[in-house]
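J.: Here it is, the structure, as structure tokens.
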Amino acid sequence: MLRGFRDFVLRGNVIDLAVAVVVGAAFGAVVTALTERVLQPLVNAVGSPRTGGLGFEVRAGVPSTFVDLGAVITAAVNFVLVAAVVYVAVVTPMNRLLALRKRDEVEEPASPPEDVQVLQEIRELLRRQVALQEAGAPPAGPGGGAGA
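Reminder that position 82 of the sequence shown reads as 82 in UniProt numbering, one-by-one numbering, no gaps.
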């Protein structure tokens, strides 16, 4: 059971996923700080200073109904940046590594199935028989060379 689990973990997919989660979480903090401290103030500058940023109030004069579009834009930029870094830092190198492994592996040609081998033998026997007939020799077979 432990051997199967070890093979599963070392197969590659689990390791890829673990690395992606760790890198994504670590880089997420950097991107969040960048978007909240740099991008959010720029987006909020477009909105009204009375409402506190880019957005609108569903019911005028009720701050709890404020729809903050700036926060949605910031979250979208945050997602795109994290996804791009994970792709460049993890997925691209892993794909290159897998391509190198496949290129290095030499595949041995698989032997044909038994029925195909039998058919190939029959084909060769028929070719020999035709060649002997063309050369004028009697065909070799169960009835002898007399031709019945």
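Heads up, the beta-carbon is just placed ideally off N, CA and C, and yes, glycines get one too.
Keep in mind the model is a prediction, meaning the values are calculated, not measured.
Going by beta carbon distance, what residues of the same chain come within less than 7 Å of valine 91, once the five residues before and after it are set aside?
T.: none
J.: Should valine 23 and leucine 81 be called a contact, given that it needs their Cβ atoms to be closer than 8 Å?
T.: For the 8 Å CB-CB criterion, valine 23 and leucine 81 do not form a contact.
J.: Identify whether glycine 53 lies in helix, strand or coil by the three-state DSSP scheme.
T.: strand
J.: Taking the straight line between their C-alpha atoms, what separation do you get for arginine 101 and threonine 65?
T.: 56 Å
J.: What does phenylalanine 66 pair with, by DSSP beta-bridge criteria?
T.: Glu57
J.: Flag this pair as touching only if the stretch 51–63 and the stretch 13–23 have three or more C-beta atom pairs under 8 Å; answer yes or no.
T.: no
J.: Can you look up proline 113 in the DSSP assignment and give me helix, strand or coil?
T.: coil
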